[in-house]
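J.:
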Amino acid sequence: MEIIKKEHDEEVTMSIVGRLDTNSAPTLTKELEESLVDGVEVFVLDMSECDYVASSGLRAILSAQKKMNSLHGKMIVRNVIGDVMEVFEMTGFADILTFE
Numbered sequence: 004m005e006i007i008k009k010e011h012d013e014e015v016t017m018s019i020v021g022r023l024d025t026n027s028a029p030t031l032t033k034e035l036e037e038s039l040v041d042g043v044e045v046f047v048l049d050m051s052e053c054d055y056v057a058s059s060g061l062r063a064i065l066s067a068q069k070k071m072n073s074l075h076g077k078m079i080v081r082n083v084i085g086d087v088m089e090v091f092e093m094t095g096f097a098d099i100l101t102f103e
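In case it helps, this note's numbering puts the sequence shown at residues 4 to 103.
(1) Where does GLU52 sit, in a helix, a strand or coil, going by DSSP?
(2) Inspect the beta-carbon positions of GLU13 and VAL45 and report whether they are closer than 8 Å.
(3) Quick one: what's got a C-beta closer than 8 Å to VAL43's C-beta in the same chain, skipping five residues either side?
(4) Cα-Cα, which of ILE84, VAL40, SER58 and SER27 is closest to GLU52?
(5) What are the start and end residues of each continuous alpha helix (DSSP H) run of 4 or more residues lying completely inside the region 6 to 52, in chain order?
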């Protein structure tokens, strides 16, 4: 997995390339902890190039949502492919995340 991060004013965008699984989720979690700090109002998670999400990846995404809630910010998940969206729907994540 590769993470491409862009910061602009109060917005942070992370693009996930590859699989978000047990091996790569800790890397995402660490990057989220370092990037989602006071002053960030919008976090965008671009998943256009993410083709697989395991339960550990779901935990990392949930922690990002909780962090943005604590910052009184907004998290947006964009460009989710069909197979990954099925995982979000089956796990109930589709009901708690904001998708575009």
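C-beta: ideal position from N, C-alpha, C; glycine also.
T.: This is what the structure holds:
(1) The count along the sequence shown starts at 1 and reaches residue 52 at position 49. GLU52 falls in the strand class under three-state DSSP.
(2) If you number the sequence shown from 1, residue 13 lands on position 10. If you number the sequence shown from 1, residue 45 lands on position 42. In contact: GLU13 and VAL45 (Cβ atoms closer than 8 Å).
(3) Here the question's residue 43 lines up with position 40 in the sequence shown. The residues are GLU13, GLU14, VAL15, MET71, LEU74 and GLY76.
(4) By 1-based counting over the sequence shown, the position of residue 52 is 49. Out of ILE84, VAL40, SER58 and SER27, ILE84 has the C-alpha closest to the C-alpha of GLU52.
(5) Within the region 6 to 52, the complete alpha helix (DSSP H) runs of at least 4 residues are 28 to 38.
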